[in-house]
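Student: Residue numbers (the numbering used here): 30 to 360.
Backbone N, C-alpha and C fix where the C-beta goes; we use that ideal spot for every residue, glycine too.
Attaching a single structure in structure tokens format; questions to follow.
So this is what it looks like as structure tokens:
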């Protein structure tokens, strides 16, 4: 856990770990040149529920990425869990993530459910109450296009194969996506443990950095130079064809694992691969063509490629391509 000041937030996080973690662990905290109150608090933590605590002190703020690598370097367990200090964990969070990782040897990185990933409690609902509802999904997971570093459980074997987080990303942003891409390239999956929940006060540290926007832009350029800009792809299904759907599903899971986003606009409730980057938008047969066109044009982030299964739709979309800018293909 890298820490840079934020004393009360850090206390909340560590207290939640004390209350909600029952498995054996070693707690490694990297103090990134925090001021005296936070530094003193961290130095006074001798153990957490009988588990050992290691504090590494940096006299300068080295940033998130270098701090994480410092922690990895002194760790020795078969699993490494990176955790932001602006998180709140809930009961059974770590145990559930480990149990998911052990379900399949190809699962290399695990995120918990989180507001970061769209799982938000209702207004006024206590976190633990919401987490208890999610625990009904214990031992269920969904594949992700990439893991997010706010709470990221990594098998040691993945680190051995792909190395540490790339310090070219400086203070942070895109280092977790880059690491995920490397792991996926080696044949591992990134997944979300649906029955584990960790709340994240998003960007509460990064937003305090004056260089945040410039750093984000720079890191985005580095990532996209290496891996390419993620594509947004749509499959328009007007005529159900089981054989064609099977082929599309194979292609879409391949695209999703490459960090791209895939939408199916279908008149049927088709079965799709379970992946966070693959989504279904069901469209009724009535007014099918205008509804599809409206859906495509209203999207804030436009599609890069659109695949269609009938010539009428292809002609319509080709004639307005100057508006939506997408490449149109027939399958």
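1) For residue 158, report the span of its alpha helix (DSSP H) as first-last.
2) Go to residue 292, then tell me how far its beta strand (DSSP E) extends in each direction, as first and last residue.
3) Out of 220, 139, 109, state which residue places its alpha-carbon closest to the alpha-carbon of residue 189.
4) Are the segment 124-140 and the segment 77-97 touching by the rule of at least three beta carbon pairs closer than 8 Å?
5) If you run the structure through DSSP and keep just helix, strand and coil, what is residue 142?
6) Using CA atoms only, rank isn't needed, just tell me which of 64, 126, 178 is closest to residue 203.
7) Nearest-angstrom Cα distance between residue 306 and residue 174?
8) Taking the alpha carbon of residue 221 as the point to measure from, which residue in 244, 69, 141, 295 has its own alpha carbon closest?
9) Is the segment 147-165 touching the segment 263-271, taking contact as three or more C-beta pairs under 8 Å?
10) Can you tell me the Cβ-Cβ gap for residue 229 and residue 144, rounded? I've got them flagged as a contact below 8 Å.
11) Span of the alpha helix (DSSP H) holding residue 107?
12) Excluding the 5 residues preceding and the 5 following residue 334 in the sequence, name in chain order all residues of the same chain whose CB lies nearer than 7 Å to its CB.
13) Can you give me the C-alpha to C-alpha distance between residue 321 and residue 341, rounded to a whole angstrom?
14) Note down, in chain order, each residue of its chain lying with its Cβ closer than 6 Å to the Cβ of residue 124, except the 5 sequence neighbours on either side.
15) For residue 292, count neighbouring C-beta atoms within 10 Å of its own C-beta (all shown protein chains included) and say buried if the count is 16 or more, exposed if not.
16) The alpha helix (DSSP H) spanning residue 243 covers which residue range?
17) In the DSSP assignment, what are the bridge partners of residue 173?
18) Which two residues bound the contiguous alpha helix (DSSP H) that contains residue 191?
19) Name the two residues that bound the continuous alpha helix (DSSP H) containing residue 266.
20) Is the beta carbon of residue 252 closer than 8 Å to that of residue 336?
21) Rounded to whole angstroms, how far is the Cβ of residue 219 from the Cβ of residue 172, which I believe are closer than 8 Å?
22) Determine the extent of the alpha helix (DSSP H) in which residue 47 is found, giving its start and end residues.
23) Considering just the uninterrupted stretch of the beta strand (DSSP E) at residue 60, what are its terminal residues?
24) Can you grab the Cα-Cα spacing for the pair residue 101 / residue 310, in whole Å?
25) Between the Cα of residue 181 and those of 316, 210, 213, 126, spot the shortest distance and give me the residue it belongs to.
26) Indicate whether residue 217 and residue 138 have their beta-carbon atoms separated by less than 8 Å.
27) DSSP three-state label for residue 344, please.
28) Suppose you measure from the CA of residue 59 to the CA of residue 34; what does that come to, to the nearest Å?
29) So what's residue 181 in DSSP terms, helix, strand or just coil?
30) For residue 63, count the other beta carbons within 10 Å of its own beta carbon; 16 or more makes it buried, fewer makes it exposed. Which is it?
Tutor: The structure says:
1) What you label residue 158 is simply residue 129 of the chain shown in a count that begins at 1. Residue 158 -> alpha helix (DSSP H) spans 156-163.
2) Taking the chain shown and counting its residues from 1, the one referred to as residue 292 is at position 263. First-last of the beta strand (DSSP E) with residue 292: 290-295.
3) On the chain shown, position 160 is the one that residue 189 refers to. Selected option, being the one with the closest Cα: 109.
4) no
5) Counting from 1 along the chain shown, the entry for residue 142 is found at position 113. In the three-state DSSP reduction, residue 142 falls in the strand class (E or B).
6) Taking the first residue of the chain shown as 1, we reach residue 203 at position 174. Of 64, 126, 178, the residue nearest in Cα terms is 178.
7) On the chain shown, position 277 is the one that residue 306 refers to. On the chain shown, position 145 is the one that residue 174 refers to. One Cα belongs to residue 306, the other to residue 174, and the distance between them is close to 6 Å.
8) Numbered from 1 along the chain shown, position 192 holds the residue referred to as residue 221. When C-alpha distances from residue 221 are compared across 244, 69, 141, 295, the shortest belongs to 141.
9) no
10) Indexing the chain shown from 1 puts residue 229 at position 200. Indexing the chain shown from 1 puts residue 144 at position 115. The beta-carbon separation of residue 229 and residue 144, rounded to 6 Å, stays under the 8 Å limit for a contact.
11) Position 78 of the chain shown, counted from the start, is the residue given in the question as residue 107. No alpha helix (DSSP H) holds residue 107; DSSP gives it neither H nor E.
12) By 1-based counting over the chain shown, the position of residue 334 is 305. Once the five neighbours on either side are set aside, the close Cβ partners of residue 334 are 260, 262, 355, 356, 358.
13) In the chain shown, the residue the question calls residue 321 occupies position 292. In the chain shown, the residue the question calls residue 341 occupies position 312. Computed Cα separation, rounded: 12 Å.
14) On the chain shown, position 95 is the one that residue 124 refers to. Excluding positions up to five away in sequence, the list reads 52.
15) Against the chain shown, residue 292 aligns to sequence position 263. Buried, since its Cβ has 16 or more Cβ neighbours within 10 Å.
16) Looking up residue 243 in the chain shown gives position 214. Residues 241-256.
17) Numbered from 1 along the chain shown, position 144 holds the residue referred to as residue 173. Residue 173 is bridged to 219.
18) On the chain shown, position 162 is the one that residue 191 refers to. Taken as a continuous stretch (DSSP letters only), the alpha helix (DSSP H) holding residue 191 covers 185-191.
19) The sequence position of residue 266 within the chain shown is 237, counting from 1. First-last for residue 266: 261-266, but that is the beta strand (DSSP E), not the alpha helix (DSSP H).
20) Counting from 1 along the chain shown, the entry for residue 336 is found at position 307. Counting from 1 along the chain shown, the entry for residue 252 is found at position 223. In this structure, residue 252 does not lie closer than 8 Å to residue 336 by Cβ.
21) In the chain shown, residue 219 corresponds to position 190, counting from 1. In the chain shown, residue 172 corresponds to position 143, counting from 1. The pair is a contact, with the Cβ atoms about 7 Å apart (cut-off 8 Å).
22) In the chain shown, counting from the first residue as 1, residue 47 sits at position 18. Where residue 47 is concerned, the enclosing alpha helix (DSSP H) stretches over 36-49.
23) Within the chain shown, the letter at position 31 stands for residue 60. First-last of the beta strand (DSSP E) with residue 60: 56-61.
24) Here residue 101 corresponds to residue number 72 of the chain shown, with the count starting at 1. Here residue 310 corresponds to residue number 281 of the chain shown, with the count starting at 1. Cα-Cα distance, rounded: 41 Å.
25) Here residue 181 is taken as the residue at index 152 of the chain shown, counted from 1. Considering only alpha carbons, the answer is 126.
26) Mapped onto the chain shown, residue 217 falls at position 188. Mapped onto the chain shown, residue 138 falls at position 109. Yes. Within cutoff.
27) To locate residue 344, count along the chain shown from 1; it is residue 315. Here residue 344 sits in helix by DSSP.
28) Walking along the chain shown from the start, residue 59 turns up at place 30. Walking along the chain shown from the start, residue 34 turns up at place 5. If you take the alpha carbons of residue 59 and residue 34, they lie about 11 Å apart.
29) For the purposes of this step, residue 181 is taken as the residue at position 152 of the chain shown. In the structure shown, residue 181 sits in a strand (DSSP, three-state: E or B).
30) Working through the chain shown from its first residue, we reach residue 63 at position 34. Buried, since its Cβ has 16 or more Cβ neighbours within 10 Å.
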